[in-house]
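Worksheet: one structure, shown below.
Residue numbers (this note's numbering): 557 to 735.
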């Protein structure tokens, strides 16, 4: 088990290759979530007040069309998951849109499995959802470039119309990529 004191900083945004830090944090989560059921609460209790305020502001409007997400215990689980993640990835913290991903997981899994999956989705090289939320939105920009190529190849008339009215696809795709 990796001591919590060795976790700061798990991810340093000054590094271009965070793979060693990402790997370290995923292993920390995998080892400790299953061996210590209180790790989520422990980490969540160390979240910054600004992250907690942002999380609390988003929880009440995240997937509320589902009965399970209206339940106070589920909302508290979501808050703990997001707060704990904001401690693990203190360089990023919390960003709007993360609640949607974590809530989707909570609809189908318990809190511990959801937390583990959320950390893996955000931090693993395979999924790398973290890059959707970092400053400058590099993954969003990349996904928009791919969308523009698809639009030109499969819907050239629509692409020309959007260009005619100077409508950049980022106007309507940002919600797709972040939700």
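Glycine included, C-beta positions come from ideal geometry on N, C-alpha and C.
The residue from 594, 658, 724 with its alpha-carbon nearest to that of residue 697 is 724. In this structure, the CA atom of residue 636 is about 43 Å from the CA atom of residue 714. Distance from the CA atom of residue 677 to the CA atom of residue 722, rounded to whole angstroms, is 35 Å.
A straight line joining the alpha-carbon of residue 633 with that of residue 695 spans about 28 Å. Within the segment 647-693, the complete alpha helix (DSSP H) segments of 4 residues or longer fall at 654-664, 667-679, listed in chain order.
Under the three-state reduction of DSSP, residue 724 is assigned to coil, being neither helix nor strand. Membership of residue 628 in the alpha helix (DSSP H) is indicated by the continuous run 628-644. Rounded to whole angstroms, residue 672 and residue 652 show a C-alpha spacing of 19 Å. The Cβ-Cβ distance between residue 654 and residue 689 falls below 8 Å. Judged by DSSP secondary structure, residue 600 falls within the alpha helix (DSSP H) whose first and last residues are 595-600. In the DSSP assignment, residue 616 falls outside any alpha helix (DSSP H), carrying neither H nor E.
Going by beta carbons, residue 640 and residue 596 fall inside the 8 Å limit. DSSP, read as helix, strand or coil, puts residue 603 in coil. Comparing C-alpha distances from residue 706 to each of 669, 729, 624, 720 shows the shortest one belongs to 729. Residue 708 carries a helical assignment under DSSP once its states are collapsed to helix, strand and coil. Shortest Cα-Cα distance from residue 638 to any of 622, 620, 667 involves 667.
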